[in-house]
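Since the structure comes first, as structure tokens, the remarks are kept for the end.
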Amino acid sequence: MVQEHEPSTAGEAAEPTATRRIADEAESSRASRGWWDRNADEYQEEHGAFLGDDRFVWGPEGLDEAEAGLLGPVEALKGRDVLEVGAGAAQCARWLAAQGARPVALDLSHRQLRHARRIDAEAAASGAPEGSGVALVQADATALPFRDGSFDLACSAYGAVPFVAEPVRVMREVRRVLRPGGRWVFAVTHPIRWAFPDEPGPEGLSVAASYFDRTPYVEQDESGRAVYVEHHRTLGDRVRDVVAGGFRLVDLVEPEWPEWNHQEWGGWSPLRGNLIPGTAIFVCERD
Numbered sequence: 001m002v003q004e005h006e007p008s009t010a011g012e013a014a015e016p017t018a019t020r021r022i023a024d025e026a027e028s029s030r031a032s033r034g035w036w037d038r039n040a041d042e043y044q045e046e047h048g049a050f051l052g053d054d055r056f057v058w059g060p061e062g063l064d065e066a067e068a069g070l071l072g073p074v075e076a077l078k079g080r081d082v083l084e085v086g087a088g089a090a091q092c093a094r095w096l097a098a099q100g101a102r103p104v105a106l107d108l109s110h111r112q113l114r115h116a117r118r119i120d121a122e123a124a125a126s127g128a129p130e131g132s133g134v135a136l137v138q139a140d141a142t143a144l145p146f147r148d149g150s151f152d153l154a155c156s157a158y159g160a161v162p163f164v165a166e167p168v169r170v171m172r173e174v175r176r177v178l179r180p181g182g183r184w185v186f187a188v189t190h191p192i193r194w195a196f197p198d199e200p201g202p203e204g205l206s207v208a209a210s211y212f213d214r215t216p217y218v219e220q221d222e223s224g225r226a227v228y229v230e231h232h233r234t235l236g237d238r239v240r241d242v243v244a245g246g247f248r249l250v251d252l253v254e255p256e257w258p259e260w261n262h263q264e265w266g267g268w269s270p271l272r273g274n275l276i277p278g279t280a281i282f283v284c285e286r287d
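The UniProt record's numbering puts the first residue of the sequence shown at 1, with every later residue one more than the last.
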């Protein structure tokens with residue numbers, strides 16, 4: 001969940017170069033898997049305390065599903081089959097399990113899922129009940145390895161959707177594995193943010209690029225190989241993706257920055273968060 005657009009040197013001979021260029025589905029998937037495998041340790045070390053081991057946070061603003069109820073009433077989660085797409089270390093799925101749901105945490109990165117196992121092992125060592133109740137699956141969100149109608153709910157907190165070249169494929173796959181009436185809720189970087197520099201301070205408050213430029217953001221190595229890819233879609237694009245995927249848009253949530261949150265997370269900060277939205281959460285339902 002949430003990459004800071006700050007090139008990492010981990011595993012690279014030289015610092016990657018940031019650019020805007022076309023990146024297809026295969027290149028995007030390969031870059032995402034590699035980036036998260038290389039950077040999962042650093043990511044969890046830096047953000048793990050904020051995310052918690054078993055907390056469902058929708059983004060850097062700190063909006064908590066326990067309060068937001070975007071998946072529905074908390075008491076109604078018991079006994080529901082839930083798929084988390086782009087689960088990272090399965091923090092959200094672990095919270096769902098604690099509410100009595102039957103979650104499956106899916107991620108492209110093996111290293112992120114290793115952190116999920118680590119958290120479970122640490123909890124068991126501290127005397128917590130054995131196991132988290134979360135099944136872990138490594139797979140691509142554009143080709144979900146589940147039968148039709150396997151889940152009641154699906155969710156994604158900054159997972160998968162911003163990183164794929166063809167997001168409608170994710171929408172259609174999620175719809176396929178949901179049962180009729182199933183809800184699909186996903187959070188992405190708010191599209192308006194793409195017009196501003198990804199900086200937490202005052203320099204990040206002036207428009208620097210066209211909001212309508214859909215050219216992917218790419219970090220590439222010296223040979224021109226993409227090591228990180230993120231795809232921009234306008235707000236209208238996202239809505240059209242939802243509809244093309246076979247869903248009905250129920251709500252669009254733009255979390256405001258709360259007074260208690262003083263942290264900076266890459267380009268997210270109290271300064272910017274009080275002026276422009278940083279996260280967009282799409283609440284969708286399958287007919």
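Virtual Cβ for every residue (Gly too), placed ideally from N, Cα, C.
Legend entry - For W257 and N274, the rounded distance between their alpha carbons: Roughly 6 Å between the two C-alpha positions.
Inset, instruction - Grab the span of the alpha helix (DSSP H) containing I119 for me, first residue to last. - result: Annotation for I119: the continuous alpha helix (DSSP H) segment containing it runs 110–125.
Inset, instruction - From the DSSP output, read off the bridge partner residues of P191. - result: Answer is none; P191 lacks a bridge partner.
Inset, instruction - Indicate whether the contact test is met: 3 or more Cβ pairs, each with one atom in the stretch 23–35 and one in the stretch 220–231, closer than 8 Å. - result: Short answer: they touch.
Inset, instruction - Could you tell me whether the stretch 194–209 touches the stretch 77–90, where touching means 3 or more Cβ pairs closer than 8 Å? - result: Flag = no, the stretch 194–209 and the stretch 77–90 do not touch.
Inset, instruction - With distances taken Cα to Cα, identify the nearest neighbour of A244 among G266, T142, L70, V168. - result: Ranked by Cα distance from A244, the first of G266, T142, L70, V168 is V168.
Legend entry - L249 burial status per 10 Å Cβ neighbour count (16 or more: buried): L249 counts as exposed, since fewer than 16 other C-beta atoms from the protein chains shown sit within 10 angstroms of its C-beta.
Legend entry - Closest residue to W35 among G267, S210, R225 (Cα-Cα distance): Nearest option by C-alpha distance: R225.
Inset, instruction - Tell me whether the beta-carbon of V57 lies closer than 7 Å to the beta-carbon of D64. - result: Going by C-beta atoms, V57 is nearer than 7 Å to D64.
Inset, instruction - Please state whether DSSP places D221 in a helix, a strand or coil. - result: DSSP, read as helix, strand or coil, puts D221 in coil.
Legend entry - Of the residues P197, V283, D251, R286, the one placed nearest G266, counting alpha carbons only: Distances from the alpha-carbon of G266 to those of P197, V283, D251, R286 put P197 closest.
Inset, instruction - State yes or no: is the beta carbon of A141 nearer than 7 Å to at least one beta carbon in chain C? - result: This model lacks chain C altogether; it includes just one protein chain.
Legend entry - Contacting residues, own chain, Cβ-Cβ under 6 Å from T19 (five flanking each side not counted): Answer for T19: V218, listed in chain order.
Inset, instruction - Pick helix, strand or coil for Y158, following the three-state DSSP scheme. - result: It is coil, neither helix nor strand.
Inset, instruction - Look at R80 and D152 and say whether their C-beta atoms are less than 7 Å apart. - result: Taking C-beta atoms as the reference points, R80 and D152 count as a pair closer than 7 Å.
Legend entry - Enclosing beta strand (DSSP E) for Y228 [first to last residue]: First-last of the beta strand (DSSP E) with Y228: 226–230.
Legend entry - With 16 other Cβ atoms within 10 Å as the buried cut-off, status of F282: Using a 10 angstroms sphere on the CB of F282, the tally of other CB atoms reaches 16 or more, which defines it as buried.
Legend entry - Proximal residues to D37 (C-beta, below 7 Å), its chain only, five neighbours per side dropped: Contacts found: S109, H110, R111.
Legend entry - Rounded separation between C284 and G62 - CA only: Their backbone Cα atoms lie some 21 Å apart in a straight line.
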